[in-house]
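Asker:
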Amino acid sequence: MNFRRRLVDRALIGLSIATVITAIVPLLSIVYDVAAKGISAINVDFFTQATPLANTPGGGMGNAIQGTLILVALSALIGLPIGLLSGVYTSEYGSNWYGSTIRFLGDVLAGIPSIVTGILVYALIVIPLHGFSVIAGSIALGTMMIPIVSNTSSQALKAVPNSIREASTALGSRRWRTTLEVIVNAKGAIATACLLAIARITGETAPLILTSGISTNWFTGVNQPVGSLTYFIYYFAKSPFVNWQNLAWGAALILMVIVLGINVAVRIVTRGKRAYS
Amino acid sequence: MTDNQGRTKPRRASRAGADSVFRFLTLVFASSITFLTLLYFYELLTGSSLTLKLGPGFITGSTWDPLRGVFGALPMLYGSLVTAAIGLIIGVPTSLGVAIFISELAPQRLKFPIGFLVELLAAVPSVVYGFWGLFILAPFLTTYIYPYLQRYLGFLPLFGGQIYGVSIMSAGIILAIMVIPIISAISRDALQAVPDSQREAAYALGATKSEAVGSSVLSYARSGIIAAIFLGFGRAFGETMAVTFMIGNSPVIPSSLLKPGYTLASLIANEFTEATTKAYVSSLVEAGLVLLLVTFASTFLGRLLIRRLIREREAATYL
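In order, the protein sequence lines correspond to chains A and B. FYI, in my numbering the residues of the first sequence are 1 to 277. FYI, in my numbering the residues of the second sequence are 278 to 596.
Quick look at the structure:
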């Protein structure tokens, strides 16, 4: 093999390694910077106090953490059941044109920008209710979860070997009983799919700007606006006030711990298997 | 219930009833996806009907002045297209390099950890990308990258003039980082689906590793890679928070990539809650409609390509 070709080969392999480094350095930098800047904002007050005024020492992100937890929990109540049953249809009953259309539309819907979902829910919920509210934010996030959960749970169910379905049918079970058997069999993968969807929407900001709004108060009711970690990060980070910026770094750290924590935990548990994303 | 030979008969009627009820229930929930798809288009079309009626001024006009009631979003359309293009110009080669490394070059024990780290990039919330971008990446770029870019490429008007940390270029770079996990994951799938006979044929002809990848593997995986680019474009065009932090939110078409601009998505994020007049709200919903149409079309095409590939692959395994 001549020298020039070997040199080109080495150079291209080197280039490929360089791209891997280019891709991973931002991740490491984000994790490092958020941890380094965020950790100094974390103390007991951070979790127990509400967001302070600008240039006022003290305070915390307690109301934002509470808001995010409530929004995520309510949106999961909306998005998970609908998404799961939709996934059951496309996997177990959807071997027809309609099933494949829904699978396809689900993939496409999952690619629609979240801010557009914000506009949709603004028109449908915020305007009729005359203002931002927890319920509007939860519906926006829940709407985003439906196609994600439908697709990933459908894949999880499809991965269940047909022998389970055949065995169940052979024992005389009706179709719905067989389907239940399949769901039980895929429960690990389905839990994974749900957790990843929850992690994904926990980090959403854009739809919340148009739906749940922002508030420095603790939760006062589902028909009232509520603060969230992500919206406060956006709001505080763009402010010129140092105490707000510091709290934003702390909030970013908590958010990263939740979101990356779920992702890392899921990948470790399902290591070796193909992760659903 | 027993038949005339004393055997228990299954209660067919009621069980079949439970069956069809359950099937119908799942069908209803699955139909929520069809319903949602139609609802997106319906709501955004009706929400923007006021300005849609006024004709194409929204996408051809370059003056955005809500106080005077002038809503020309050409600068935002330009910003969305150019930042997404920069994201792809930087992101696609990088993603391909990553995909090639994981699929073709990496030793077995490195495949999982590297693939995992790159996938984690997709899990970082976009608001954190924006925050980090504004405080860490933008200062780094203005100190270490943009001055050199200007020194060597400054003869092009695209890189001329004063350097800003928040700019079209900075937004494009943050988008490049954000599309890497998507494009590299799908490209990797496409590369791993290339049959080994392709590689073996190249090696048999005396090809080096990179020649084998370049000549026979990449061309075989071409439509998968094109699909990945479509999906990456959809993601970049509609990305909101990270871009809102990085682009500077200035409603003009800047003379240089190193100056602030605006995108359709950040326009909505910034101004929707402040929109007071009906025409203002309608214009912002129209921005959402443009986002919906472009991302829907691009994701649709990408998914269509992937679906066709999967079908071909399934057909090939039965040959």
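All C-beta atoms in this analysis are idealised placements derived from N, C-alpha and C, irrespective of residue type, glycine included.
(1) Residue 119 of chain A CB to nearest chain B CB: under 8 Å?
(2) Is it right to say residue 166 of chain A is buried, meaning 16 or more other beta carbons lie within 10 angstroms of its own, or is it exposed?
(3) Would residue 193 of chain A pass as a contact of residue 133 of chain A if the rule is Cβ separation under 8 Å?
(4) Output the distance between the C-alpha atoms of residue 436 of chain B and residue 512 of chain B, rounded to the nearest integer angstrom.
(5) Interface residues of chain A around residue 371 of chain B at Cβ under 7 Å?
(6) Helix or strand or just coil, what does DSSP make of residue 348 of chain B?
(7) Return the CA-CA distance between residue 210 of chain A and residue 137 of chain A, expressed in angstroms with no decimal places.
(8) Taking only runs of the alpha helix (DSSP H) that begin and end inside the segment 374-418 of chain B, which ones reach a length of at least 4 residues, in chain order?
(9) How many Å lie between residue 365 of chain B and residue 306 of chain B at the Cα?
(10) For residue 546 of chain B, which option in B:522, B:530 and B:535 has the closest C-alpha, if you only look at C-alpha atoms?
(11) State yes or no: is the C-beta of residue 13 of chain A within less than 8 Å of the C-beta of residue 408 of chain B?
(12) Taking contact to mean at least 3 C-beta pairs separated by less than 8 Å, is the segment 424-441 of chain B in contact with the segment 498-514 of chain B?
(13) Distance check for residue 73 of chain A and residue 48 of chain A, CA to CA, integer angstroms please.
(14) Under the DSSP definition of a beta bridge, which residues are partnered with residue 97 of chain A?
(15) Between residue 144 of chain A and chain B, is there a C-beta pair that is closer than 8 Å?
(16) Give, in chain order, every residue of the segment 96-111 of chain A whose Cβ lies closer than 7 Å to some Cβ of chain B.
(17) Just the Cα atoms here: how many angstroms apart are residue 145 of chain A and residue 4 of chain A?
(18) What runs of the alpha helix (DSSP H), each 4 residues or longer, lie entirely inside the segment 309-363 of chain B?
(19) CA-CA distance, residue 26 of chain A and residue 489 of chain B?
(20) Assuming contact is defined by CB atoms lying nearer than 8 Å, are residue 119 of chain A and residue 324 of chain B in contact in what I supplied?
(21) Which residue comes first and which comes last in the alpha helix (DSSP H) that contains residue 32 of chain A?
(22) Let's test the definition: count the other Cβ atoms within 10 Å of the Cβ of residue 551 of chain B and tell me whether it reaches 16, buried, or not, exposed.
(23) Contact between the segment 525-538 of chain B and the segment 458-470 of chain B is defined here as three or more beta-carbon pairs at a separation below 8 Å; is this criterion met?
(24) Can you tell me whether residue 218 of chain A is buried or exposed? The criterion is at least 16 other CB atoms within 10 Å of its CB, across all chains shown.
(25) Where does the unbroken alpha helix (DSSP H) through residue 485 of chain B begin, and where does it stop?
(26) Beta carbons nearer than 9 Å to chain A: which residues of the segment 517-529 of chain B have them?
(27) Out of B:383, B:433 and B:332, which one is the CA nearest neighbour of residue 18 of chain A?
(28) Cα-Cα, which of A:235, A:259, A:254 and A:257 is closest to residue 52 of chain A?
(29) Can you tell which of A:266, A:269 and A:255 has the C-alpha that lies nearest to the C-alpha of residue 401 of chain B?
(30) Less than 8 Å between the C-beta atoms of residue 168 of chain A and residue 178 of chain A, yes or no?
(31) Please confirm if residue 210 of chain A has its CB atom under 8 Å from at least one CB of chain B.
(32) What residues in its chain sit with their C-beta under 6 Å from that of residue 241 of chain A, if we drop five residues either side in the sequence?
(33) Just by C-beta distance, which residues in the segment 538-552 of chain B are closer than 8 Å to chain A?
(34) Please state the DSSP three-state secondary structure of residue 155 of chain A.
(35) What residues from the segment 157-177 of chain A come within 8 Å of chain B, judged by C-beta to C-beta, listed N to C?
(36) Just mark residue 342 of chain B as buried or exposed, buried being the case when its beta carbon has 16 or more other beta carbons within 10 Å.
Answerer: In terms of the structure at hand:
(1) yes
(2) exposed
(3) no
(4) 26 Å
(5) 19, 22 and 23
(6) strand
(7) 8 Å
(8) 385-400 and 403-409
(9) 36 Å
(10) B:522
(11) no
(12) no
(13) 20 Å
(14) BP columns for residue 97 of chain A are empty, so no partner.
(15) Judged by the 8 Å Cβ criterion, residue 144 of chain A is not in contact with chain B.
(16) Listed by position, the residues of the segment 96-111 of chain A near chain B (Cβ gap below 7 Å) are 102, 104, 105, 106, 107, 108, 109 and 111.
(17) One C-alpha to the other measures close to 53 Å.
(18) 326-329 and 334-337
(19) When rounded, the distance between both Cα atoms is 30 Å.
(20) yes
(21) Looking at the DSSP string, the run of the alpha helix (DSSP H) that includes residue 32 of chain A is 3-38.
(22) exposed
(23) no
(24) So residue 218 of chain A ends up on the exposed side.
(25) Residue 485 of chain B -> no alpha helix (DSSP H), and no H or E assigned at all.
(26) 517, 518, 521 and 522
(27) B:383
(28) A:235
(29) A:255
(30) yes
(31) yes
(32) 54 and 55
(33) Flagged, chain order: 542, 545, 546, 549 and 550.
(34) helix
(35) 172, 174, 175 and 176
(36) exposed
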